[in-house]
Structure formats: structure tokens, C-alpha cells
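Engineer:
Residue numbers (the UniProt record's numbering), protein chains in the order written: chain A, 1 to 464; chain B, 1 to 464.
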């Protein structure tokens, strides 16, 4: 544990009452949504300014204290977990939207701004922040940048990386860097901004971010299509992708749909039962586009790729169709699922999914596997539900075996062991399935440049 | 100069005849389009495989030989110049398109593939490579990546960075890294791919790149609009940007137009003379969009922002209107222009341009300034034409003074001293106008990670 005098020194760096050491705070701020680690930080500190963050980092270097950045704590990889006496740096009080520039379509934010807050702010100003995912109501922009958050609109809008036009950071050495200055074109050497995006706070902390905004989408329209098997989903994607500018292309299985229907609060999309479902979205900004969508639907039915389908005719219907996909994660959480977030290139998805499916059902025929994900980006969420009669410990022990099989298949298909959740603690020991040992050595050397004393979120992504 | 035995050793690493040391080759391969440096390389080597590139880099480390990467040599910053006895590594024989994946919309290329070759290949396959600029007929993909090339479609499609889904590189230490493996979503630590984009070959050499492709654009349509002054261009941009998904928004001045008209091979857009012109482009994929464009044009005329204008009605007219902008660089090259490529955020453009204009005309009232550029990205090309009676040396000496003023104004407006041409040799000594000394120190430390012996394109971007 950290010496009392050292914590007292920390208290002088921030406003009164902005260092907490009570048990409830240590418990609450020491964990994220992974829930599998026992939180044990030494203190939580709440800076309000860039200068306070810088002072905290300099203090941590002086006393060799490990720092863990903390946003909305909705992460699924343990990157915001503090279980080794670290000091948690929470950005809860750096939560202001600082400046909107309508001409540049940018908004300058503090890192503690909640994703939904930014989305709403953009909407109120006739613009659009397109990165969206299940935890947008709690996650913070700083955390989104740290994990390069993706979500449901990546096929059209890309990852968080695409929307960061400038970053102010405090590096692990305590330097303040203003990266890219919000420029669209800037060819003046290495784009260090890119290094901080997805670095999970291991190089430094984001203290300000200028995010790009887009025009508001026009008449978003959704289709849910039932397919006879998984393989049919790919030609459906190909057919629609060629005709429309899709804003989303998701999928889920009949098992997923059954769990949603069992809730009782979401209307059934259509009566026909099919093994898989594609959910796609586009801007029906004029009649020609809507007609093109219907013609493509008919083509897919003629080809036997689609058995039944529905297209939203109102905002209410649009929202109801999206619930089929968006409620999945929360709905199946009651079955204590083993979850995995993996990706391959889009064209490899069918073979990849079938191979994982086969190996799980061969070894554990009684496990229920619920697949869903962002098929348009090659990003699959594998969920294995715990059989009711199987004790939790035994289930997770069996899933640890699954982990290894899954990652071996990921490696075989040149895929990613973490598509959008990050590495953190959960996937740290599996990193070599996606990145070569030489590449990991370069990553460690880059970390040493920005954080020579290894105080920034140590033990996350890799151990040094 | 390099010892003869060392060059003999180099010859054993590649195919026979693939090391050149004759005067004409040294002259040709030692320079780029900057033309202001005297080429003086020791040899030119032409690898054909990744393994040969790796062998060359290991050889260079062993003998401490500086390497300069060489693509189409169309650069405007001197990044591909060899004037200190370096060995030039030309990618002219690594020019194959290796694999197209229609589902993933990606194409795997060697670095020596010419930009136009990639554009044509995409088009033949019903797809589109959107990065385009004046030198696309000669520039190579490896060079595009090294400078993060931009060009005329950035407002819609972004820079080259957006289109690189995977890179294979040989680092300055001679390691082969496969970066990102063409994935759309991959949250497994630092995205080292991003570091190599825009690094001007100072960290390592790209030996293979997987580039993303887009769907082909539909019925591209162009408008040229005459405005009463420069300030009117901004509300015109704002009006059209709000209504249409623009694929380009360029501008040029009456002086630029006059030079184009003097060629005699480009039709006049319309009879009315105006001080400035905006050129914008969009997909008129249906009548509603074309009508929206015309309505916005009428609104701009009513507001007094636009005096006259024209909209293309055919592919021929589209091409003719684009010539007004695309022929500019080549046309004014006959007046030995001092050129500068600078950027600010879009909203600052009018004040920024006026300030530079004022300082140049105050000190050099007899200099003709031709402005043009990518206004939708905040990227301006400043061109000062040499008065006919002024000796070249005297003109460039005066322009050196202009340089400093321009960069001081760039710094004041938080802009970039190089928007899309890179730093190379030309802007190396001005880098601090855009990047802080601390940031430059971090860049140097990052370089040392990938190139500890400083053999990769030394002296470019910064001196170590």
C-alpha cells in the first residue's frame, strides 16, 4: 500500500475532498463490467483540470505509484480494473462539452463526457455523433478513445479513431502534448494521436478531445431478414452493400431471437421462424432508395437467401426492430454467459464461425451458443450460456478450454482476439494469438518512450 | 562514399543487374519533383521481394549505410532525395497487384503499384479507389502511404490513411511486421500501422499494403460557381455541405483561371468574371439530389454569395470543369512558382488567407499570388509567380523571407506547415512551427525504437 504521507501529498494537488479512500469508493471505482477481478486500489483521485492531471502524473512518477484511468467503467476487458493498490484517476469531474464549431463540424470535449451526452448534444445542434453501442449511456469519451470503441455503425462510419480530430494528452512522463490540432490534413511527421487511440491509458491520459461530427442521417430505415442458414447472410450482405450505402449490417441467431421474445416487451418481426436473421439499416432519403431496397429484398427472396423479412415504416418500427439486436447483450446476461469478441475479414466469417461452432458443439453438446454481431465488419460476439444445472465455477473452467480453441482458430484465420473491447487484463495472456512476439516487443518499446517508469495502467495489454 | 566491397555485397542480395551505379541512374533516382537539391546517391538497388528488402536493410545496418526509399519520385518535399551518398531503394520492380477480394472490398498490392494503376484496376472490377491527385499517373502506393497522400476527394473519402487496411513493413532493424492483418475491427494494443503511414520511410519500408476500395460513385456531377470575394466561399460551402454529400469542394482565384484560359485548350465555364471560384462535386444519383443542388445554387445567388455558375450535364462537361482546377499546378509551373502547402481548420480559412495575402502584397506588391486548394479540408496551396524580369536567385531569396512570415501565421492559427506534401527536407527546419519541441523529441524517440542505427531515410522530417 502507498504511504499515508504520499496520499496526503496527492490531496494537495486537487480540490478538497477530491481524493477518496473509503471502502465503498475503492470497491466501486476499482472495477469495470468484467466483474471477475477483486478491486483493491489505494485511492481514487478526481482531477478537474489538465494541470491537475499533469500534477498527478508527476507525483506518481516521483513516488512510483501506478495509475489506472477510469471513465464510465463499462469496459469488458478489465482495462479500468485496479486490483494492486493503484491510484484510480477518475474523469467524472472533467465532463464538460467545451466548444462546438458548426463550420468545422467538431466539438471539443473533456474526457469524462458521456457518449450519450455527446450524441444528444450533436443532435440538438442538427448534427450527429455516429459511434454508438450498448453502453453509450454510461461510457465516457476518454474510455471510447482508449479502446477505439466500435459498435453498431462501423460499416458506414468506422471506429472512434475516425472521429478524433485532435487530442490533448498528458504522457506518462507528465508532458502535455497537443496532437493534430483538429486539422483534416496535417503531414508533419508521425501522427502520435493515433498511438493514444486504443492504447487503454498505457501511454498517457487523454485530457481533452476534439471529436468530429457528421450531418444528421436522413430517414433511417431498418430491415430484418430471415435466412435459411448462416451462409446465406453473406450474399445478402453483398447484394445490399452493392446497392445501398448501409449504415448497419448486424446478425443474430434464432436462439438469440427466442431469448428476446421471451422478454415479452418486444414485438415479433414476422411469423416465419428462420435459423438466422440479418438486420440492416440505410438512409431512405428518397423514394428511389426505398424502392431499390425493396427490389434487392425481392432478389434475395428469389435467390433463396431470404425466407421472410420486414422493413420499418416509422421511427417506432425502426426502434422496435433495433431492440431485437440491441437488447441481446443485456437479455442473455441472466444466463451468466461466457462472452468473446472476435473478428476476421468479412469474407472469412462463414468458415470461421462454422469452425468455432463445430468445436464447441463437439466438446460441449449441451452448451447453448448464441451468436450475434456486426457482420458487416467481420466482428462476431460469441456467447455461450451456462446450463442451469452446471455450477458457475465448473462452467467457467470449461470455457477456459474453449478460450484456447477459439483463439487458435482466430490465429489460423489471421483474425483479432479482441475486435472492439480491448485487451486489458482479460486477453493480455492471449495477445500472441493476434500480434507477433516481435510486434509486441515494439509495442513495449513504444510504451517505454511515453512512460519510462511504467506507471500508466501497468499490466494492461501486456506485462513489461 | 561507400566502399566498393560493400556495394559488391549488396549486389549479391538482389537479382543480377538490379544494383545501378551509373551517373544517369544516380541523377534520375536521387531526386524528386522538388528539383532544388543536387542528387548524389552511391547506388540504386531494385529489390523484387520482401526478403530482398529485409536483406538490404540488414546489410545497411551492418555497414551503417543510409537508405532512401524511392517510389514515383513525384514528392514535393524532398523526402525521396538522396544527396549524401545514400543507397536508394527503388520499388519500381515491386509493382504487382497481388489479390482482389470483392467481398472485403480490398486489394493487396506491392508498394511500387502506381496510383492510377490501382484506380484503374478498381474501376475494371466495379469498385473505386478514391484517393486522387495531380501526380496519380506516376506516384506509387508506397509513396502515398509514406506521405499519407490527400488530394481532391478528402472531404468525402479522407486521406490515404483511411484506405490502408493492412501493411507489411520491414522496420529499420530489419524485422518484418504484419500490421493489422486487413481487419476492420482490431483492438489489440497500439495500431503501429498508423505510425508507418506518413512516416516518409524513416521508420521502415512498406513492402506490401492492403488497400480498401469503395463502391463506384454514381453519376458524379460538378458545379463551378463564381463568387464576389473569397469570404463568400465559406457560406457557399456551408450551404452545399448541409444539403449534399459533397465528394469535393475546391477553389481557385481569377488569376488562376486566367492562366488556364491562356492555354487555349479548356472551355470557359461561363462568361461572367468573378474574383474567386468554387468547384464542387457530388453524386447526382437521382433527380431529387440534382434538384436539391439547383435549389441550393439559387439560394446562394439570392444571398449574393454566388454571381454565376454552371453544372455539368455530361461526363465530358464534368471533365472539362475539373480541368479548370486540375491543370493549375502544371500550368503555373512555367512561371517558376514559389509553392507552399498549408492548412488550418476550415472555419479559420478566410482570416488566415487574408492575413497571408496582406503580408505578401505589402512587402512584394509586384508579386502575383495564385491561390487554389481544397477548401473543404482547410488545405490551401499558396503559389507566388516569379515576375519575368526578376532573376531566379533573387526571387527565391525573397521567397525565403515569405516562408518565415507564412509559417508564423500558420503557427498563430494552429495550422500545419505541410498539409499533404510531407516534411522531407523542404520543411524540416520549420517543423517547430507545427509541432512542439517536446512532441518532436517524442517522434525522435519513436524513430529510435524502429531504427536505432538511424539508417532509414536519415535527415528527413528532422535531424537526429
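The beta carbon of each residue, even a glycine, is placed where N, CA and C say it ideally should be.
1. Shortest alpha-carbon distance to residue 125/B belongs to which of 162/B, 338/B, 97/B, 343/B?
2. Check whether the region 79-86 of chain A touches the region 57-67 of chain A, taking contact to mean three or more Cβ pairs, one atom from each stretch, closer than 8 angstroms.
3. Return yes when at least one heavy atom of the ligand NAP lies under 7 angstroms from the C-beta of residue 341/A, else no.
4. Cα-Cα, which of 24/A, 35/A, 74/A, 20/A is closest to residue 421/A?
5. Identify the continuous alpha helix (DSSP H) that holds residue 157/A and give its terminal residues.
6. Would residue 394/A be called buried (16 or more neighbouring beta carbons within 10 Å of its own) or exposed?
7. Does residue 93/A have its Cβ less than 8 angstroms from a Cβ in chain B?
8. Between the region 44-54 of chain A and the region 11-24 of chain A, are three or more C-beta pairs nearer than 8 angstroms?
9. Applying the 10 Å Cβ sphere with the 16-neighbour rule, what's the burial state of residue 379/B?
10. List, in chain order, every chain A residue whose beta-carbon is nearer than 9 angstroms to that of residue 421/B.
11. For a contact meaning CB atoms closer than 8 angstroms, what does residue 199/B contact in chain A?
12. Which residues of chain A have a Cβ atom closer than 8 angstroms to the Cβ of residue 450/B, listed in chain order?
13. Taking Cβ-Cβ distances below 8 angstroms as the criterion, which residues of the region 45-59 of chain B are in contact with chain A?
14. Anything in chain A within Cβ reach of residue 434/B, meaning under 7 angstroms, just list it in chain order.
15. Among 191/B, 116/B, 318/B, which has the Cα closest to the Cα of residue 282/B?
16. In the DSSP assignment, find the alpha helix (DSSP H) that holds residue 277/A and state where it starts and stops.
17. Determine the direct distance from the alpha carbon of residue 455/B to that of residue 54/B, and round the result to whole angstroms.
18. Cutting at 7 angstroms between CB atoms, please list the residues of its own chain near residue 350/A, excluding the five before and the five after it.
19. If we cut at 8 angstroms on Cβ distances, does residue 194/A have a partner in chain B?
20. Please list the segments of the alpha helix (DSSP H) lying wholly inside the region 106-145 of chain A, counting only runs of 4 or more residues, in order along the chain.
21. Under the assumption that residue 327/B contacts residue 260/B (Cβ atoms under 8 angstroms), give the Cβ distance between them as a whole number of angstroms.
22. Just grab the DSSP bridge partners of residue 222/A for me.
23. Tell me, please, which residues DSSP counts as bridged to residue 176/A.
24. Between the Cα of residue 461/B and those of 176/A, 168/A, 123/A, 189/A, spot the shortest distance and give me the residue it belongs to.
25. Secondary structure at residue 256/A, three-state DSSP: helix, strand or coil?
26. For the alpha helix (DSSP H) containing residue 302/B, list its first residue and its last residue.
27. For residue 175/A, return the contacting residues in chain B, with the cut-off set at a CB-CB distance below 7 angstroms.
28. Are there three or more Cβ pairs, one per stretch, closer than 8 angstroms when the region 197-216 of chain A is compared with the region 292-305 of chain A?
29. Expressed to the nearest angstrom, what Euclidean distance is found between the alpha-carbon atoms of residue 237/A and residue 376/A?
30. For residue 50/B, name the three-state secondary structure that DSSP assigns.
31. Just checking my contact of residue 57/B with residue 174/B at CB under 8 angstroms: how many whole Å lie between their CB atoms?
32. Might you give, ordered along the chain, the residues of its own chain that have their beta carbon closer than 6 angstroms to the beta carbon of residue 147/A, omitting 5 neighbours on each side?
33. Which residue's Cα is closest to the Cα of residue 348/A: 398/B, 183/B, 176/B, 249/B?
34. Given a cut-off of 8 angstroms on the beta-carbon distance, is the pair residue 151/A and residue 132/A in contact?
35. Please list, in chain order, all residues of the same chain as residue 364/B whose beta carbon is under 7 angstroms from its beta carbon, the five residues on each side excluded.
36. By the criterion of Cβ-Cβ separation under 7 angstroms, what are the contact partners of residue 288/A in chain B?
Structural biologist: The short version:
1. As a position in the second chain, residue 125/B is number 125, starting the count at 1. Checking every option, the nearest Cα to that of residue 125/B belongs to 97/B.
2. yes
3. Within the structure as shown, the ligand NAP is missing, as the structure has no ligands at all.
4. Here residue 421/A refers to the residue found at position 421 of the first chain. Of the listed residues, the one whose Cα sits closest to residue 421/A is 74/A.
5. Residue mapping note: residue 157/A aligns to position 157 of the first chain, counting from 1. Element bounds for residue 157/A: 154-157.
6. Stepping through the first chain from its first residue, residue 394/A is reached at position 394. That one is exposed.
7. Indexing the first chain from 1 puts residue 93/A at position 93. Residue 93/A does not count as touching chain B.
8. yes
9. Reading the second chain from its first residue, position 379 is the one you call residue 379/B. By the 10 Å Cβ count, residue 379/B comes out buried.
10. What you label residue 421/B is simply residue 421 of the second chain in a count that begins at 1. Going along chain A in sequence order, the residues near residue 421/B (Cβ under 9 angstroms) are 187.
11. Looking up residue 199/B in the second chain gives position 199. Within 8 angstroms Cβ-Cβ: 189, 190.
12. The sequence position of residue 450/B within the second chain is 450, counting from 1. Result: 442.
13. none
14. Taking the second chain and counting its residues from 1, the one referred to as residue 434/B is at position 434. Within 7 angstroms Cβ-Cβ: 188.
15. If you number the second chain from 1, residue 282/B lands on position 282. Ranking 191/B, 116/B, 318/B by Cα distance to residue 282/B puts 318/B first.
16. On the first chain, residue 277/A is found 277 positions in, with the first residue counted as 1. Run containing residue 277/A: none in the alpha helix (DSSP H); it sits in the beta strand (DSSP E), 276-283.
17. Here the question's residue 54/B lines up with position 54 in the second chain. Here the question's residue 455/B lines up with position 455 in the second chain. Distance between the alpha carbons of residue 54/B and residue 455/B: 13 angstroms.
18. Position 350 of the first chain holds residue 350/A. Hits under 7 angstroms: 230, 231, 234.
19. Taking the first chain and counting its residues from 1, the one referred to as residue 194/A is at position 194. Answer yes: the Cβ-Cβ gap between residue 194/A and chain B drops below 8 angstroms somewhere.
20. 115-124
21. Here residue 327/B corresponds to residue number 327 of the second chain, with the count starting at 1. Here residue 260/B corresponds to residue number 260 of the second chain, with the count starting at 1. Yes, residue 327/B and residue 260/B are in contact; Cβ-Cβ is about 6 angstroms, under 8 angstroms.
22. Here residue 222/A is taken as the residue at index 222 of the first chain, counted from 1. Partner(s): 281/A.
23. Counting from one through the first chain, the residue named residue 176/A turns up at place 176. BP columns for residue 176/A point to 170/A.
24. For this step, residue 461/B is matched to residue 461 along the second chain. The option with the nearest alpha carbon to residue 461/B is 189/A.
25. To locate residue 256/A, count along the first chain from 1; it is residue 256. Helix, per DSSP.
26. Here residue 302/B is taken as the residue at index 302 of the second chain, counted from 1. It spans 287-302 - the alpha helix (DSSP H) in which residue 302/B sits, taken as one unbroken run.
27. Taking the first residue of the first chain as position 1, residue 175/A is located at position 175. 438, listed in chain order.
28. no
29. Along the first chain, one-based indexing puts residue 237/A at 237. Along the first chain, one-based indexing puts residue 376/A at 376. Looking at the two C-alpha atoms, the distance is approximately 7 angstroms.
30. Looking up residue 50/B in the second chain gives position 50. Here residue 50/B sits in helix by DSSP.
31. Indexing the second chain from 1 puts residue 57/B at position 57. Indexing the second chain from 1 puts residue 174/B at position 174. Yes, they are in contact, since the Cβ atoms of residue 57/B and residue 174/B sit about 4 angstroms apart, within 8 angstroms.
32. Taking the first chain and counting its residues from 1, one reaches residue 147/A at position 147. Within the same chain, residue 147/A has close Cβ partners 422.
33. Stepping through the first chain from its first residue, residue 348/A is reached at position 348. The shortest C-alpha separation from residue 348/A is found at 183/B.
34. As a position in the first chain, residue 151/A is number 151, starting the count at 1. As a position in the first chain, residue 132/A is number 132, starting the count at 1. Going by C-beta atoms, residue 151/A is nearer than 8 angstroms to residue 132/A.
35. Residue mapping note: residue 364/B aligns to position 364 of the second chain, counting from 1. Excluding positions up to five away in sequence, the list reads 398.
36. Against the first chain, residue 288/A aligns to sequence position 288. Here the neighbours are 286.
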